[in-house]
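**Q** Sharing a structure below in structure tokens format, with a few things to ask.
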Amino acid sequence: MHSPQSFKAYQNKVVSNCRALASRLTELGYKLVSGGSDNHLVLVDLRPLGIDGARTEKILDLASITLNKNSVPDFIHEGVQITLEAKRLVSGSKLQDFMKFIASPDFSLMDKVSDLRRRVEALTTQFPIPGV
1 MHSPQSFKAY
11 QNKVVSNCRA
21 LASRLTELGY
31 KLVSGGSDNH
41 LVLVDLRPLG
51 IDGARTEKIL
61 DLASITLNKN
71 SVPDFIHEGV
81 QITLEAKRLV
91 SGSKLQDFMK
101 FIASPDFSLM
111 DKVSDLRRRV
121 EALTTQFPIP
131 GV
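In the UniProt record's numbering, the protein residues as written are 1 to 132.
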């Protein structure tokens with residue numbers, strides 16, 4: 001079991017990493033709902049980009065990025081760019097049209113998603129989850 005001091009150090013590192021993530025996302029031009037982060041959460045407003053969280057979440061999920069658990073800003077930016085490109089390619093404006101398209105053989109961006117996933121997994125395997 002970890003000591004209270006080591007857990008506190010871990011919590012401080014989580015908050016520090018979250019602030020770094022918020023800063024990098026801001027540098028990349030994303031609008032943060034709160035303007036930054038004082039805890040372990042960052043909320044990005046995707047509306048100015050004309051996309052929604054459901055589409056972005058699905059593309060990033062295909063690349064092994066879980067938005068509410070582990071995030072790396074450059075990878076998120078790349079995932080958003082793939083999502084925007086996919087949105088332009090899909091016929092139909094409903095979420096179900098988008099989901100059907102990205103699951104189909106016609107989804108021409110899968111090579112980009114697969115490359116992103118490979119790089120995400122290469123990075124994340126260097127940092128095992130504590131206690132697992």
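Think of the CB as a built atom: it goes at the ideal place given N, C-alpha and C, for glycine as much as any other residue.
With a cut-off of 8 Å on the beta carbons, I'd call R119 and K87 a contact; round off their distance for me.
**A** Actually they are not in contact, since the Cβ atoms of R119 and K87 sit about 22 Å apart, beyond 8 Å.
**Q** In its own chain, which residues sit with a C-beta less than 8 Å from the C-beta of residue 186, not counting the 5 before and 5 after it?
**A** Here the chain has residues from 1 to 132 only, and residue 186 is not among them.
**Q** Indicate the three-state DSSP secondary structure (helix, strand or coil) for K94 in the structure shown.
**A** The answer is coil: DSSP assigns K94 none of H, G, I, E or B.
**Q** When you compare the CB positions of A63 and G79, do they come within less than 9 Å of one another, or not?
**A** Closer than 9 Å, so yes.
**Q** With the cut-off set at 9 Å, would you say C18 and S6 are in Cβ contact?
**A** Taking 9 Å as the Cβ cut-off, C18 and S6 do not qualify as a contacting pair.
**Q** If you drop the 5 nearest sequence neighbours on each side, which residues of the same chain put their C-beta closer than 8 Å to that of L32?
**A** Only A22, L25, T26, V42, L43, V44, D45 meet the Cβ criterion.
**Q** So is F75 buried or exposed if we call it buried at 16+ other beta carbons inside 10 Å?
**A** Buried, because 16 or more other Cβ atoms sit within 10 Å of the Cβ of F75.
**Q** Looking at the structure shown, is D45 part of a helix, part of a strand, or coil, going by DSSP?
**A** Three-state DSSP puts D45 in a strand.
**Q** Taking just the CA atoms, how far does D115 sit from D106?
**A** Looking at the two C-alpha atoms, the distance is approximately 18 Å.
**Q** Let's see if you can read the secondary structure: which residues bound the alpha helix (DSSP H) around Q126?
**A** Note, Q126: premise wrong, no alpha helix (DSSP H); not H, not E.
**Q** Since L58 and M110 are thought to touch, with beta carbons under 8 Å apart, how far apart are those beta carbons, to the nearest angstrom?
**A** Correcting the residue type first, residue 58 is Lys in the shown sequence and not Leu. Actually they do not touch by this definition, with Cβ atoms about 13 Å apart.
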